[in-house]
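Chemist:
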Amino acid sequence: MTVLGLISDTHGLLRPEAAAALEGVDAILHAGDVGRPDVLAALRAVAPVFAVRGNVDGGELAALPLDTVASVEGIDIYMLHILRNIAIDPAAAGMAVVVSGHTHKPLIEEKDGVLYVNPGSAGPRRFALPVSVGFLRLASGQRPEAWLKMLDV
26 MTVLGLISDT HGLLRPEAAA ALEGVDAILH AGDVGRPDVL AALRAVAPVF AVRGNVDGGE
86 LAALPLDTVA SVEGIDIYML HILRNIAIDP AAAGMAVVVS GHTHKPLIEE KDGVLYVNPG
146 SAGPRRFALP VSVGFLRLAS GQRPEAWLKM LDV
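Okay, so the sequence shown: first residue is 26 according to the working numbering, each after it adds one.
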């Protein structure tokens, strides 16, 4: 069994509450709008990090891929920042999970047999939206399980 930490839209701010919430995960997926390279460096102190580029990621962060596919426990995960920019049909491509960010709205939903997870924003608070991270539990031969954690900041 593998537990992944999901984070997005840090916009240059890695809150200590977010880093603490991710302690103990096997790896971290950052769904873009990292904001500053030191955010990824700090996350790497918690667990290995896989990240995609968000619409505000410039400079050295512009080298991050726009999307990526990870296979964990035999389960395929597609990650990108802006869901409406998805270039594949996840179900047809055999993806079990799609992780995205951008909206700052934490969300878990299933559509066409694919689990869609947006961990929300772990960076500066926007509007009245919560500050949050997400988690994904993966085990070979089992359905992926996702949950969200609202941070008390």
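For glycine and all other residues, C-beta sits at the position ideal for the given N, C-alpha and C.
Can you grab the Cα-Cα spacing for the pair GLY145 / ILE113, in whole Å?
Modeler: So the alpha carbons of these two residues sit roughly 22 Å apart.
Chemist: Per DSSP, LEU31 forms a beta bridge with which residues?
Modeler: For LEU31, which the question treats as bridged, DSSP gives the partners LEU54 and GLY159.
Chemist: Going by Cα to Cα distance, which pick from VAL81, GLY138, LEU54 and LEU91 is closest to VAL71?
Modeler: Closest by alpha carbon: LEU54.
Chemist: When we look at the beta-carbon of ALA147 and count the other beta-carbons within 10 Å, is it buried (16 or more) or exposed?
Modeler: By the neighbour-count rule (16 or more Cβ atoms within 10 Å), ALA147 is buried.
Chemist: Three-state secondary structure (DSSP) at ASP137?
Modeler: If DSSP states are grouped into helix, strand and coil, ASP137 belongs with coil.
Chemist: For the beta strand (DSSP E) holding GLU170, just list the boundary residues, first then last.
Modeler: Run containing GLU170: 170 to 175, per the beta strand (DSSP E) assignment.
Chemist: Going by DSSP, what residue range makes up the alpha helix (DSSP H) through ALA45?
Modeler: Counting along the chain, the alpha helix (DSSP H) containing ALA45 begins and ends at 41 to 47.
Chemist: Considering LEU116, what are the terminal residues of the beta strand (DSSP E) in which it resides?
Modeler: Reading off the sequence, residue 116 comes out as Ala, not Leu. Neither: ALA116 is in no beta strand (DSSP E) and is coded neither H nor E.
Chemist: Comparing alpha-carbon positions, which option in LEU132, VAL122, PRO149 and LEU176 lies nearest GLN167?
Modeler: Considering only alpha carbons, the answer is VAL122.
Chemist: Among LEU161, ARG61, GLU135 and ALA117, which one has its Cα closest to the Cα of GLY14?
Modeler: Because the chain here runs from 26 to 178, residue 14 falls outside it and cannot be looked at.
Chemist: Check LEU105 in the structure and name its three-state DSSP category.
Modeler: Residue state, collapsed to three classes: strand.
Chemist: Can you tell me the Cα-Cα spacing of LEU108 and GLY126, whole angstroms?
Modeler: The straight-line gap from Cα to Cα measures roughly 7 Å.
Chemist: Can you list, in chain order, the residues of its chain whose CB lies under 8 Å from that of PHE75, leaving out five sequence neighbours each side?
Modeler: Within the same chain, PHE75 has close Cβ partners ALA52, ILE53, LEU54, HIS55, THR93, ALA95 and MET104.
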